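In this text, residue positions in the sequence shown follow the numbering used here: the first is -9, and each later residue adds one. Cβ coordinates follow ideal geometry from the N, Cα and C atoms, glycine included. Given the structure is predicted, the values throughout are model-derived calculations rather than measurements. As structure tokens, the structure follows; a few thoughts come after it.
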Amino acid sequence: MERIDCGGSASISTPSFKLSFETPGVYYFIGTTCTGFMSQAHLSDAQEIEEPFKSEMKSFKIINDTKNSINYGTILHREINFRGDCSMPKLASGCISTYPASSINIFSLNNNNKEAAKTSGNGVVFYSKPF
-9 MERIDCGGSA SISTPSFKLS FETPGVYYFI GTTCTGFMSQ AHLSDAQEIE
41 EPFKSEMKSF KIINDTKNSI NYGTILHREI NFRGDCSMPK LASGCISTYP
91 ASSINIFSLN NNNKEAAKTS GNGVVFYSKP F
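See below:
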């Protein structure tokens, strides 16, 4: 998938294409600075990030749901099943460069939104040693 800003254009060198709009969620990118091949929006955890992004993702973008006051955050893991080294929580909207990851936690922040508070979970457990 290639992202084109509103009013922009791109040449099409393939016999078909799909038009879609950016919706709230987390998007994976193969290229740095949110360029290159792009995923669909993701709203929940992935024990194993799908191909071709698994271990190849170099950046991701968080698009918050401003209409419903839902903000998203992520924690990336080097290994599948949320194992191995993990990133610090990323909460900022926009493009974020990252190391290649194999699994991801995607969560929503409460931010005074009662509906988001119902689904945001009971907290995060941090370990000082590998489990």
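By the neighbour-count definition (other C-beta atoms within 10 Å, threshold 16), V16 is a buried residue. A direct Cα-Cα distance of roughly 20 Å separates A36 from Y117. Taken through DSSP and simplified to helix, strand or coil, C85 comes out as strand.
Taking all protein chains shown into account, F11 has fewer than 16 neighbouring C-beta atoms within 10 Å of its C-beta and is therefore exposed. In the DSSP annotation of this structure, the continuous segment of the beta strand (DSSP E) that includes E69 starts and ends at N61 to E69. N95 counts as buried, since no fewer than 16 other beta carbons sit within 10 angstroms of its beta carbon. Close CB contacts of A31 within its chain, under the 8 Å cut and outside five residues either way in sequence, are with E12, T13, P14, G15, V16, Y17 and I53 (chain order).
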